[in-house]
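Visitor:
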Amino acid sequence: MVKKSNKNIFFFTIFSISLILDILSKYLINLFQPNFKVLPFFAIVFIKNEGAGFGLFRGQFLFLTIVSILFLGIIAYYYKKIENNKLLLTSISLACAGALGNLIDRISRGFVIDFLDLFYNNFHWPAFNIADVSLVSGMVLYIIYSYKEEKKENKDKKKRKK
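Those letters in the sequence shown? Residues 190 to 351, per my numbering, in order.
1) Quick check: the stretch 203-218 against the stretch 317-333, are at least 3 beta-carbon pairs closer than 8 Å?
2) Residue range of the alpha helix (DSSP H) that TYR331 falls in?
3) Threshold first: 4 residues or longer. Then list the alpha helix (DSSP H) segments lying entirely within the stretch 198-284, N to C.
4) Is it the case that the Cβ atoms of ILE218 and ILE296 are separated by a distance below 8 Å?
5) Taking the alpha carbon of ILE233 as the reference point, which residue from THR202, ALA241, GLN222 and GLU239 has its own alpha carbon closest?
6) How should GLY248 be labelled, buried or exposed, when 16 other C-beta atoms within 10 angstroms of its C-beta is the threshold for buried?
7) Starting from PHE308, trace the beta strand (DSSP E) both ways and give me its first and last residue.
8) Keeping to the same chain, check which residues put their C-beta closer than 8 Å to that of ILE281; ignore five residues upstream and five downstream.
9) Measuring alpha carbon to alpha carbon, tell me which residue in ASN197, LEU213, PHE246 and LYS196 is nearest GLY290.
10) Can you give the beta carbon distance from LEU307 to TRP314, rounded, assuming they're within the 8 Å contact cut?
11) My assumption, with CB atoms under 8 Å, is that ILE203 sits in contact with LEU283. Please give the rounded CB distance.
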């Protein structure tokens with residue numbers, strides 16, 4: 190549990206670190222446009238992604254922009270009502286940083302820079318970036334939070350029945 194007075198600091202610290210890492214990494218990737226193997230299964234590359242993950246919604250600039258803005262707007266609107274829970278705040282701050290990082294790219298460049306490339310033999314995972322990692326991590330943490338909350342509610346219901 191996070192004190193109410195520290196809720197904003199906690200949220201915006203995680204949000205800011207994630208967003209700054211994303212912006213800085215994309216700036217450097219755009220500047221140097223690398224293409225090299227780091228490990229036998231991992232490379233740093235420069236890819237212009239005009240869609241979303243896995244090549245979905247390619248060329249759907251307006252749709253992806255609106256979805257990102259709506260997501261961020263909904264979180265901003267409900268922010269005061271968000272429970273002071275570290276796991277929940279971490280999940281939402283990461284998801285927001287990821288959404289905003291890719292939104293900034295999409296609006297400023299017309300595409301998103303992806304540069305983390307995983308592969309093994311003929312299997313090739315679509316390239317991604319720090320914003321994607323933040324967004325997916327935030328969603329996974331939110332699922333974990335939801336599971337824990339549901340478990341706690343079921344436990345409380347059983348106690349009340351006794």
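All residues carry an ideal CB built from backbone N, CA and C; glycine is no exception.
What you are looking at is a predicted structure, and each value in this text was computed from that prediction instead of being measured.
Guide: So, from the data block:
1) yes
2) Position 142 of the sequence shown, counted from the start, is the residue given in the question as residue 331. Counting along the chain, the alpha helix (DSSP H) containing TYR331 begins and ends at 319-350.
3) 250-267
4) Your numbering for residue 218 matches position 29 in the sequence shown. Your numbering for residue 296 matches position 107 in the sequence shown. Cβ distance not < 8 Å, so ILE218 and ILE296 don't count as in contact.
5) One-based indexing of the sequence shown puts residue 233 at position 44. Closest option to ILE233, Cα to Cα, is GLN222.
6) Your numbering for residue 248 matches position 59 in the sequence shown. Exposed is the call here.
7) Position 119 of the sequence shown, counted from the first residue, corresponds to residue 308. Note, PHE308: beta strand (DSSP E), 301-309.
8) Here residue 281 refers to the residue found at position 92 of the sequence shown. Hits under 8 Å: PHE200, ILE264, ILE271, GLY327 and TYR331.
9) Taking the first residue of the sequence shown as 1, we reach residue 290 at position 101. If we check each option's Cα against that of GLY290, LEU213 comes out closest.
10) As a first step, residue 307 is located in the sequence shown; it is residue number 118 there, counting from the start. As a first step, residue 314 is located in the sequence shown; it is residue number 125 there, counting from the start. Yes, they are in contact, since the Cβ atoms of LEU307 and TRP314 sit about 4 Å apart, within 8 Å.
11) Position 14 of the sequence shown, counted from the start, is the residue given in the question as residue 203. Position 94 of the sequence shown, counted from the start, is the residue given in the question as residue 283. The pair is a contact, with the Cβ atoms about 6 Å apart (cut-off 8 Å).
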